[in-house]
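Student: Sequence order for the protein chains is A and B. Reminder that position 379 of the first sequence reads as 379 in the numbering used here, one-by-one numbering, no gaps. To convert, count from 1 in the second sequence and add 1000; that's the numbering used here. In this text, a Cβ means the ideal position worked out from N, Cα and C, and glycines have one as well.
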Amino acid sequence: MTADSGPVPRQGGAPDVSQATLFGELLEDSADDLYEHAPCGYLSTLLDGQIVKINKTLLGWLGHTREQLVGRRRFSDLLTVGGRLYHETHFAPLLRMQGELGGVALEMRTAEGTRLPVMVTSVLKTDDAGRPLLIRTTVFDARDRRAYERELLRARQEAERDRERLKRLVATLQRSLLPPVLPRVPGMEIAAHYHIASPDQVGGDFYDVFPLGDDRWGVFLGDVCGKGAGAAALTSLTRYTLRAAAAHDPAPLKVLRTLNTVLRQEYTDDEMRFCTVIFGLVVPDGDGFAVTLASGGHPPALLLRADGGARYLQTPEGLLIGVLAEARFSAVETRLGPGDTLLLYTDGLTEARTGDGGRYGDEALLAFAGGLAPITPPAVVAATAELLGTFGAGLDDDTALLALGVPARSADQV
Amino acid sequence: MRASERNNVIVTGREDGTPVMLAHGFGCDQNLWRLVVPALAERFRVVLFDHVGAGRSDMSAWHPERYSTLDGYADDVLEICRELDLDRPVFVGHSVSSMIGVLAAIQEPDRFGKLVLLTPSPCYIDDEDGYRGGFSAADIEELLESLDSNYLGWSAAMAPVIMGNPDRPELGEELTNSFCRTDPQIARVFARTTFLSDNRTDLAKVTVPTLVVDCAVDAIAPPEVGAFVNAQIPGSRLVTLDAVGHCPQLSAPQITAEAITSFVAGPG
Chain A
1 MTADSGPVPR QGGAPDVSQA TLFGELLEDS ADDLYEHAPC GYLSTLLDGQ IVKINKTLLG
61 WLGHTREQLV GRRRFSDLLT VGGRLYHETH FAPLLRMQGE LGGVALEMRT AEGTRLPVMV
121 TSVLKTDDAG RPLLIRTTVF DARDRRAYER ELLRARQEAE RDRERLKRLV ATLQRSLLPP
181 VLPRVPGMEI AAHYHIASPD QVGGDFYDVF PLGDDRWGVF LGDVCGKGAG AAALTSLTRY
241 TLRAAAAHDP APLKVLRTLN TVLRQEYTDD EMRFCTVIFG LVVPDGDGFA VTLASGGHPP
301 ALLLRADGGA RYLQTPEGLL IGVLAEARFS AVETRLGPGD TLLLYTDGLT EARTGDGGRY
361 GDEALLAFAG GLAPITPPAV VAATAELLGT FGAGLDDDTA LLALGVPARS ADQV
Chain B
1001 MRASERNNVI VTGREDGTPV MLAHGFGCDQ NLWRLVVPAL AERFRVVLFD HVGAGRSDMS
1061 AWHPERYSTL DGYADDVLEI CRELDLDRPV FVGHSVSSMI GVLAAIQEPD RFGKLVLLTP
1121 SPCYIDDEDG YRGGFSAADI EELLESLDSN YLGWSAAMAP VIMGNPDRPE LGEELTNSFC
1181 RTDPQIARVF ARTTFLSDNR TDLAKVTVPT LVVDCAVDAI APPEVGAFVN AQIPGSRLVT
1241 LDAVGHCPQL SAPQITAEAI TSFVAGPG
């Protein structure tokens, strides 16, 4: 500011007489003048919307003369058609019901046909008995604000589209980590289920069943640490290593040792990656199959017998795979006869939170599956998938289920 | 879930009176009838409800597939009638609900005693054969934009409060605009269903005695549309109220209630 730029108010203290006079002169504008030239539009209408009074500011914005509007047009006539629909279905009824309405975004049409984005506030003026008389409306120019809001809206829509894209990508990637169809193994029934905890992130559970030649079959199910892209890469590496190792030598302990070595080579100690896997070699044996299972830190498989018995196949020494250079894993052998079913699962199932705040746990699973035995692979997978559904938000991890079994002889069936 | 809970059904008025079912249109909820209910309740059994997605209906019952056609809403109306065991009720539908009533009455003609279609429009979009609904498809897109820019106090954070505790007085101040507050996603679907449906060919199938009520000035359903509806429905009658706007039950409650009353009480 320059020194000669007009009257300089006195610093501090009470206003003196000359200042009061100065303010009085500046405030010469009457209420009328304030109404006409206020920095916002004023509009009064009858209850049917007919314009009875409008200030110069709003007339200026709209490019209309007073004569064109007063007594001739309704407020809603000044709106865009979409705005008019909104006015009739929301604005007018709400105003009538609650007597006032603020901050509504509408667009007005100017005499030239351009659009003027505005924010509108209306109150219903009533007589002493509370009967509505007329509607008073203030109109604010909202061009800048609406442009900004449109930016926000566009950003939100873009974010929603990105999220959809991410979901599709995740679903595709997830599918690529699971076998599209399980192979047909003569004399064996197989069923699987995969529960995805989050549509935004690739989970770390996996399973597969594949032929090894000479009528032998490899089976595995596991869980890699973490989620997202890193977990997907680790899952991919783990799957292909397991398949390649088994093609070379299908002894389950050797397969897990090879995987351990590969993970140790691939990842340094600083970015250690590990997983749990249960790997099985399945070989026909009379009217059933001989199964050798080796586990690296994975929850034990559940054996459901044709006679209704149920027990875990413990593999006590198995360590997480990818942690120690000299890892020890343990194996267990069993035989699946007609009517027997073997259930493999990841810890999403046993670690699910239950209503009482605890975890579902091994014992509950044993009791649940024990109550179902004898049961076919598709039936136990369906029942367990249904159980997963009952956990609701308590199930926050991906969960894979894989069941193998030998169909019961028809004479065994009740 | 029971239909009467799902649709927040409220029954008032004379227990032995003819049942009169009042169905609100797009935009707000059953509160829109508040100025005509006292007069109607003196003589009739008045049944009020909120369409699923509006007012205090059960939002969890809302599915985009079911409520993307007016048939979904018509099914709800029939379910309410069955559940309350209403004896040949008079269905009064405002705006889009008039077409919902038409569809319900075609589906089960014996269910209803009479129909009142308040400011109805069977089709809002003009067509090439000279039908004037008053709007173009672009206008409807503009309305959707208005919906997007006006949440009327709706926010994701508020939603559970609005839905879960409608009657807690300490939340009263939060409930400004609540009569017309809808989840924006639901509002968008209902707007499309409302303004893009075409029920012109259904009108001739109505066999229930019908009264068409329109307003002298209505930006949404102009008098030509009311006359079209009256001409298409066999044996219907038309009353044009000396009222302005699309909601005569608010802007002219007395003459609206009178028109409904004399038709309900009059001979079929």
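#1: Do you know how far the Cα of ASP1085/B is from the Cα of LEU47/A?
#2: Please confirm if VAL1244/B has its CB atom under 7 Å from at least one CB of chain A.
#3: Would you check if there are 3 or more beta carbon pairs closer than 8 Å linking the stretch 1071-1082 of chain B to the stretch 1042-1051 of chain B?
#4: Please classify GLU1005/B as buried or exposed, where buried requires at least 16 other C-beta atoms within 10 Å of its C-beta.
#5: Since PHE220/A is in the beta strand (DSSP E), which residue starts that stretch and which ends it?
#6: Compute the minimum distance between the beta carbon of ALA1138/B and the heavy atoms of the ligand PLP, and state whether it is under 6 Å.
#7: Can you name, in chain order, every residue of its own chain whose Cβ lies under 7 Å from the Cβ of SER1097/B, other than the five neighbours on each side?
#8: According to DSSP, simplified to helix, strand and coil, what is VAL17/A?
#9: Sorted by chain position, which residues of the same chain lie with C-beta nearer than 6 Å to GLY370/A's C-beta, five sequence neighbours on each side aside?
#10: Quick check: what's the CA-CA separation for ILE1100/B versus PRO1253/B?
#11: Could you tell me which chain A residues have their CB closer than 7 Å to the CB of PHE1179/B, listed as they occur along the chain?
#12: I'd like to know whether the C-beta of ALA105/A is nearer than 7 Å to at least one C-beta of chain B.
#13: Helix, strand or coil for CYS40/A per DSSP?
#14: Would you say GLU88/A reaches chain B, if we count a Cβ-Cβ gap shorter than 7 Å as a contact?
#15: Go ahead and pull the three-state DSSP assignment for ASP362/A.
#16: For CYS1247/B, return the contacting residues in chain A, with the cut-off set at a CB-CB distance below 7 Å.
#17: What is the DSSP secondary structure of ALA403/A, reduced to helix, strand or coil?
#18: Check the Cβ of GLU149/A against every Cβ in chain B and list those closer than 8 Å, keeping chain order.
#19: Taking C-alpha atoms, which residue in PHE1179/B, ASP1139/B, SER1068/B lies nearest to LEU1032/B?
#20: For SER76/A, which residues in chain B fall below 9 Å Cβ to Cβ?
#21: Just to confirm the assignment, what range does the alpha helix (DSSP H) spanning ARG156/A have?
#22: In chain A, what lies closer than 8 Å to ASN1031/B by C-beta?
#23: Can you say whether ASP270/A is buried or exposed, counting buried as having 16 or more other CB atoms within 10 angstroms of its CB?
#24: Checking contacts by CB at 7 Å: is GLY1133/B closer than that to chain A?
#25: For LEU62/A, which option in GLU112/A, GLU25/A, ARG74/A, GLU88/A has the closest C-alpha, if you only look at C-alpha atoms?
#26: When you check each C-beta in the stretch 1006-1038 of chain B against every C-beta of chain A, which residues fall closer than 9 Å?
#27: Check each residue of the stretch 1183-1214 of chain B: if its Cβ is closer than 7 Å to any Cβ of chain A, include it; give the result in chain order.
#28: So, is GLU1065/B buried or exposed, given that buried needs 16 or more other C-beta atoms within 10 angstroms?
#29: When you check each C-beta in the stretch 321-344 of chain A against every C-beta of chain B, which residues fall closer than 8 Å?
#30: Indicate whether GLY1053/B and ASP1029/B have their beta-carbon atoms separated by less than 7 Å.
#31: Tell me which residues share the same chain as MET1021/B and place their Cβ nearer than 6 Å to its Cβ, disregarding the 5 neighbours each side in the sequence.
#32: Give the straight-line distance between the Cα atoms of HIS298/A and LEU166/A, rounded to the nearest whole angstrom.
#33: In this structure, does DSSP put TYR267/A in helix, strand or coil?
#34: Please confirm if the stretch 184-199 of chain A is in contact with the stretch 145-155 of chain A, defined as three or more CB-CB distances below 8 Å between the two stretches.
#35: Determine the contact status of THR1119/B and HIS1246/B, defining contact as a CB-CB distance below 7 Å.
#36: Looking only at its chain, what residues have a beta carbon closer than 8 Å to the beta carbon of GLN265/A, apart from the 5 residues adjacent to it on each side?
Tutor: Answer, in terms of the structure:
#1: 40 Å
#2: yes
#3: yes
#4: exposed
#5: 216-224
#6: Ligands are entirely absent from the displayed structure, and the ligand PLP is therefore not among its contents.
#7: ALA1023, HIS1024, GLY1025
#8: helix
#9: ALA310
#10: 22 Å
#11: LEU94, MET97
#12: yes
#13: coil
#14: yes
#15: helix
#16: ALA92, PRO93
#17: strand
#18: SER1149
#19: PHE1179/B
#20: ALA1219, GLY1245
#21: 143-176
#22: MET97
#23: exposed
#24: no
#25: GLU112/A
#26: GLY1025, PHE1026, GLY1027, CYS1028, ASN1031, LEU1032, ARG1034, LEU1035
#27: none
#28: exposed
#29: none
#30: no
#31: VAL1047, PRO1089, PHE1091
#32: 30 Å
#33: coil
#34: no
#35: yes
#36: none
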